[in-house]
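Asks: One structure follows; several queries about it will come next.
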Amino acid sequence: MLPTKSKDPSSFTLPVTIGSLAIGKALLDLGASINLMPLSMLQRIGDLEVKPTRMTLQLADRSVKYPHGIVEDVLVKVDRFLFPADFVVMDIEEDIDVPLILGQPFMKTARVLIDVDDGKLKVRVNDEEVNFDVFYAMHYPKDKSSCFRVDVIDGLIEDTRKHVSFSNPLEKVLINVVEYLHEEEDREIEACLKSLDSYKEVTPDSVHIEDLKEEGEVITPKLELKILPSHLKYVFLEEGGSKLVIISSSLSTLEEEKLVKVLKFYQGAIGWSISDLKGISPAYCMHKIFMEDEYKLVAQPQRRLNPVMKEVVKKEVIKLLDAGIIYPISDSAWVSPVQVVPKKGGMTVIQNEKNELIPSRTVTGWRMCIDYRKLNKATRKDHFPLPFMDQMLERLAGQAYYCFLDGYSGYNLIVVDPEDQEKTAFTCPFGVFAYRKMPFGLCNAPATFQRCMLAIFSDLVEKSIEVFMDDFSVFGSSFDECLANLEVVLRRCLEINLILNWEKCHFMVTEGIVLGHKISHKGIEVDPAKVEVIEKLPPPINVKGIRSFLGHAGFYRRFIKDFSMIARLLSNLLNKDTPFCFNDSCLKAFEALKARLTSAPIITAPD
C-alpha cells in the first residue's frame with residue numbers, strides 16, 4: 001500500500017533571542033554548514049567581537065561571497081535554554097521574515113529533532129526538552145525570492161582555507177580546478193552581460209592576491225629604465241612615485257607643463273604593469289572562433305622542455321593566471337602545445353668559427369608561444385583588411401608633432417567568446433589552461449584587433465590618428481593641435497578600457513619610427529638602424545642568404561630607383577632548379593643595392 005503523497009511542508013523556523021534582541025523566526029537550514037547573521041543584525045545586538053576571516057562561502061547559485069567576519073560563542077536563547085553558537089557575519093540585506101540562519105552546527109548543539117509529518121520540533125538539553133508546533137505559526141514560504149539560501153558543505157570551509165593560503169596562483173588552480181572552473185563560469189556570464197565601465201568584477205583570484213599582498217611586504221613593481229636617445233626623456237606623473245612617461249626633451253617649460261597635466265588627468269589609460277589591464281568590455285568587442293564545415297578535433301600532447309624553458313613557461317603561466325588572462329580547464333576537446341622560442345632583437349653581423357661575417361639576429365631572452373597551427377587550419381578565416389602601409393605613412397609624414405602610442409599586450413585586452421575559450425586551451429608541464437582574453441597565435445586575431453581599433457577610433461582615423469594593429473600615431477600641425485588630439489584619444493581609451501604601454505609611448509615628439517620607417521615633418525625616410533645592418537651584410541653564400549637580403553632590401557624598394565632591374569640577377573638565383581652561382585655580376589648588384597639604400601632620399605607625400 002502506497003503512502004499518501006504530501007505537499008511541500010515548507011521550511012522550519014524557530015523563535016530565538018540573542019542578548020536583548022528577540023528574533024521571531026530564525027530559519028533552520030539543514031543544507032547550511034554554518035550559522036549566518038546579517039551585519040545589520042550584529043550592529044543592533046552590539047557588544048559582540050567580530051574576528052576577521054578569510055573564509056569564502058559558496059551559495060546555492062554557486063556564487064562566491066566573502067564574509068565580514070565571525071562572532072564566536074554567541075548565546076542563543078530558545079525558550080528557557082541557552083546554546084553557544086558561532087556566526088558568520090555577512091554584509092547582506094536583512095530578510096524581513098527570517099533574518100537569521102541556523103545551520104547544522106546549531107542544530108547539533110541544540111540536539112534538534114524535527115518531525116516533518118506532525119510539524120513538531122524539539123530542542124533538547126540533557127533530559128529536558130522544549131516542543132514547538134511548526135505548522136501552527138512558523139511556516140516560511142517556499143517562493144520567497146529574497147531568501148538567503150546557503151548551500152555549503154563542511155569540506156568547503158577547509159578547502160577554502162587552503163585555497164587562499166597557497167604561495168602562487170598556479171599552485172591554487174592545480175589543487176582546486178573544480179571550484180576554480182565554477183567561479184570562472186559565473187564570472188564569464190557576468191562579464192558578457194555587464195559593461196566593464198560600470199561593473200567591477202570581484203573574483204576569488206583578486207581576493208587571494210590582495211590577501212597575499214596584505215600578509216607580506218607590499219612590493220611596488222620595479223620599472224626598468226633604459227637609456228633614452230637625446231631627443232627623449234623620462235617624466236614622473238607623481239612626485240616620488242613610480243608612474244613614468246616618455247616625452248620629447250625639446251619641449252619648452254610651458255609645453256611640458258601642458259602635456260604633463262593632460263597625462264596626469266588621463267593616467268588611467270596608461271599601464272605600468274600587466275595588473276593594470278582591465279580589458280575592453282565584451283559588449284563592445286569579442287573574439288569568436290568560427291570553424292570550417294568539416295574539421296577534426298585535435299588534442300595534442302605536451303612537448304618536452306628543458307629546465308630553462310620550463311621555468312620560462314612557469315613564470316608566464318603564473319603571470320597570466322595572476323592577471324586573470326587564463327584559467328585551468330580539464331575537458332577541452334582542443335589542446336595545443338606550448339613552445340619556447342628566443343626573443344629576437346634586431347639584425348646584426350657576427351663572425352662565425354671560420355672568421356666569416358654572417359648576418360644574425362640578437363637574442364634578448366625567451367618567449368612562451370602556443371602552437372595553434374592545427375586550430376588555425378580548422379578555423380574559418382576572417383579577411384578583414386589591414387590598412388595600406390604606404391598610404392598610412394604618407395598621411396603621417398609632414399606633421400609638426402606626433403604621439404606614438406602602443407597598446408599594452410594589445411590582444412589580451414579583447415575577451416574571447418566563452419563558447420570558444422576552450423578552443424584556445426594549451427598544455428604545459430603545469431596543466432591545461434584556456435585563454436579568457438585573446439592570445440597571440442590565432443589566425444584571426446589580427447583581423448579582430450584591427451576591427452576593434454577601427455570601431456573605437458572610426459571618427460578619428462585619418463583626421464587626427466592612424467591605427468595599424470596596436471600602434472597608434474596621433475599627429476598635429478602644431479603643439480596645441482596635437483595635444484588636443486591626444487586628449488581626445490586618451491579620453492576614448494579611458495572610456496573603452498584600452499590600456500597603453502607606458503614604455504612604448506612617446507609623447508609630443510617631432511620624429512619617430514613607424515612600421516620600420518622614420519617619420520618627421522621632412523617626410524618619410526628609411527630607418528637608419530636597419531640600413532646600418534644591411535650595409536654590414538656580407539655577400540650571401542647560399543639561397544637562404546639571397547632571400548634574406550632581398551627581403552630586407554625589398555622592404556625599402558620605394559626608396560631605390562630601378563630596384564627590380566638591379567635585383568633581377570639576385571632574384572634569378574631563387575628560381576627552382578637554378579644552380580647557385582654568385583658571380584661578379586651578382587656581387588655588383590648586391591653592392592649597388594646597399595649603396596642605394598645608404599643614400600636613400602627622403603620621400604614626401606604627394607599634394
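When the letters of the sequence shown are read in order and numbered with full-length UniProt numbering, they come out as residues 1 to 607. Note that beta-carbon positions come from the ideal geometry of N, C-alpha and C, so glycine has one too.
#1: Expressed to the nearest angstrom, what Euclidean distance is found between the alpha-carbon atoms of residue 366 and residue 309?
#2: Which value, in whole angstroms, describes the spacing of the CA atoms of residue 456 and residue 397?
#3: Take residue 654 and list the residues in its own chain whose beta-carbon comes closer than 8 Å to its own, dropping the five residues that flank it on each side.
#4: Between residue 449 and residue 246, what straight-line distance do the alpha-carbon atoms span, to the nearest angstrom?
#5: Kindly provide the ranges of any beta strand (DSSP E) runs that are 3 or more residues long and lie completely inside the stretch 392-474, ordered along the chain.
#6: What first and last residue would you give for the beta strand (DSSP E) that runs through residue 557?
#7: Among the candidates 404, 441 and 498, whose CA atom is the shortest distance from the CA of residue 413?
#8: Exposed or buried, residue 268, counting other C-beta atoms within 10 Å across all chains shown (16 or more means buried)?
#9: In the DSSP assignment, what are the bridge partners of residue 50?
#10: Could you please give the first and the last residue of the uninterrupted alpha helix (DSSP H) stretch that includes residue 292?
#11: Taking DSSP as the reference, what is the three-state secondary structure of residue 522?
#12: Which residues does DSSP pair with residue 511 in a beta bridge?
#13: Could you check which residue in 74, 84 and 4 has the C-alpha nearest to that of residue 117?
#14: If you check the beta carbons only, do residue 102 and residue 21 fall under 8 Å apart?
#15: Which value, in whole angstroms, describes the spacing of the CA atoms of residue 513 and residue 527?
#16: In this structure, what does DSSP give as the bridge partners for residue 235?
#17: Residues in the same chain with beta-carbon distance under 7 Å from residue 387, minus the five sequence neighbours each way, listed in chain order, please.
#18: Take the Cβ of residue 47 as the centre, count every other Cβ of all protein chains shown within 10 Å, and call the residue buried at 16 or more, exposed below.
#19: Three or more C-beta pairs under 8 Å: does that hold for the stretch 420-440 against the stretch 276-292?
#20: Under DSSP, the beta strand (DSSP E) around residue 37 begins and ends at which residues?
#21: Run through the DSSP bridge pairs and tell me what residue 669 is partnered with.
#22: Going by CA-CA distance only, name the one from 372, 279, 516 and 577 that's closest to residue 493.
#23: Compute the Euclidean distance between the alpha carbons of residue 120 and residue 133, then round it to the nearest angstrom.
#24: Using the Cα positions of residue 270 and residue 233, report the straight-line distance between them to the nearest angstrom.
#25: Do residue 370 and residue 338 have their beta-carbon atoms positioned less than 8 Å apart in this structure?
#26: Tell me whether residue 337 sits in a helix, a strand or coil according to DSSP, three-state version.
#27: Using a Cβ-Cβ cutoff of less than 7 Å, which residues in the same chain neighbour residue 555 once the five nearest sequence positions on both sides are dropped?
#28: With DSSP as the reference, please indicate the residues paired to residue 74 in a beta bridge.
#29: Note the first and the last residue of the continuous alpha helix (DSSP H) segment covering residue 531.
#30: How far does the alpha helix (DSSP H) with residue 311 in it extend, from its first residue to its last?
#31: In three-state DSSP terms, what is residue 25?
#32: Looking only at DSSP bridge pairs, what is residue 132 linked to?
#33: Hey, could you find the ends of the alpha helix (DSSP H) residue 298 is sitting in?
#34: Ordered along the chain, which non-local residues of its own chain (more than five positions away) have a Cβ less than 6 Å from that of residue 45?
#35: Within 10 angstroms of the Cβ of residue 411, are there 16 or more other Cβ atoms? Answer buried if so, exposed if not.
#36: Can you name the start and end residues of the alpha helix (DSSP H) that residue 585 belongs to?
Replies: To lay it out plainly:
#1: For the purposes of this step, residue 366 is taken as the residue at position 366 of the sequence shown. For the purposes of this step, residue 309 is taken as the residue at position 309 of the sequence shown. So the two alpha carbons sit approximately 8 Å from each other.
#2: Reading the sequence shown from its first residue, position 456 is the one you call residue 456. Reading the sequence shown from its first residue, position 397 is the one you call residue 397. Cα to Cα, residue 456 sits roughly 23 Å from residue 397.
#3: Residue 654 cannot be examined here, being either before or after the span of the chain that is shown, 1 to 607.
#4: Start at 1 with the first residue of the sequence shown, and residue 449 comes out as number 449. Start at 1 with the first residue of the sequence shown, and residue 246 comes out as number 246. The straight-line gap from Cα to Cα measures roughly 25 Å.
#5: 401-406, 426-428, 431-435 and 465-468
#6: Position 557 of the sequence shown, counting from 1, holds the residue named residue 557. First-last for residue 557: undefined, no H or E at that position.
#7: Here residue 413 is taken as the residue at index 413 of the sequence shown, counted from 1. Comparing Cα positions, the closest option is 498.
#8: If you number the sequence shown from 1, residue 268 lands on position 268. Burial call: exposed.
#9: Residue numbering aside, residue 50 sits at position 50 when the sequence shown is read from its first letter. Answer by DSSP bridge pairing: none, since residue 50 is not bridged.
#10: Mapped onto the sequence shown, residue 292 falls at position 292. Residue 292 -> no alpha helix (DSSP H), and no H or E assigned at all.
#11: On the sequence shown, position 522 is the one that residue 522 refers to. The answer is coil: DSSP assigns residue 522 none of H, G, I, E or B.
#12: Taking the first residue of the sequence shown as 1, we reach residue 511 at position 511. Looking at the DSSP assignment, residue 511 forms a beta bridge with 520.
#13: As a first step, residue 117 must be located in the sequence shown, where it is residue number 117. Checked all of 74, 84 and 4; the closest Cα to residue 117 is 4.
#14: Counting from one through the sequence shown, the residue named residue 102 turns up at place 102. Counting from one through the sequence shown, the residue named residue 21 turns up at place 21. No.
#15: Residue numbering aside, residue 513 sits at position 513 when the sequence shown is read from its first letter. Residue numbering aside, residue 527 sits at position 527 when the sequence shown is read from its first letter. In a straight line, the C-alpha of residue 513 is about 7 Å away from that of residue 527.
#16: Here residue 235 refers to the residue found at position 235 when the sequence shown is read from its first residue. Note: residue 235 sits in a beta bridge opposite 245.
#17: Locating residue 387 in the sequence shown gives position 387, where the first residue counts as 1. Same-chain partners within the cutoff: 468.
#18: One-based indexing of the sequence shown puts residue 47 at position 47. Exposed, since its Cβ has fewer than 16 Cβ neighbours within 10 Å.
#19: yes
#20: For the purposes of this step, residue 37 is taken as the residue at position 37 of the sequence shown. 36-38 is the span of the beta strand (DSSP E), which, as asked, contains residue 37.
#21: The shown model of the chain, from 1 to 607, leaves out residue 669, and the question about it has no answer.
#22: Your numbering for residue 493 matches position 493 in the sequence shown. That would be 279, whose Cα lies nearest to the Cα of residue 493.
#23: Along the sequence shown, one-based indexing puts residue 120 at 120. Along the sequence shown, one-based indexing puts residue 133 at 133. So the alpha carbons of these two residues sit roughly 5 Å apart.
#24: As a working mapping, residue 270 is identified with position 270 in the sequence shown. As a working mapping, residue 233 is identified with position 233 in the sequence shown. Rounded to whole angstroms, residue 270 to residue 233 spans 17 Å at the Cα level.
#25: Here the question's residue 338 lines up with position 338 in the sequence shown. Here the question's residue 370 lines up with position 370 in the sequence shown. Yes, Cβ-Cβ distance for residue 338 and residue 370 is below 8 Å.
#26: On the sequence shown, position 337 is the one that residue 337 refers to. Correct three-state label for residue 337: strand.
#27: As a position in the sequence shown, residue 555 is number 555, starting the count at 1. The residues are 516.
#28: Along the sequence shown, one-based indexing puts residue 74 at 74. Partner(s): 85.
#29: Walking along the sequence shown from the start, residue 531 turns up at place 531. Start and end: 528-536.
#30: Here residue 311 refers to the residue found at position 311 when the sequence shown is read from its first residue. First-last of the alpha helix (DSSP H) with residue 311: 307-322.
#31: Along the sequence shown, one-based indexing puts residue 25 at 25. Correct three-state label for residue 25: strand.
#32: Counting from one through the sequence shown, the residue named residue 132 turns up at place 132. Partner(s): 121.
#33: For the purposes of this step, residue 298 is identified with residue 298 of the sequence shown, where counting begins at 1. First-last for residue 298: undefined, no H or E at that position.
#34: The residue given as residue 45 occupies position 45 in the sequence shown. Only 18, 19 and 21 meet the Cβ criterion.
#35: Residue 411 sits at position 411 when you count from the first residue of the sequence shown. Buried is the call here.
#36: Residue 585 sits at position 585 when you count from the first residue of the sequence shown. Segment 584-598, the alpha helix (DSSP H) holding residue 585.
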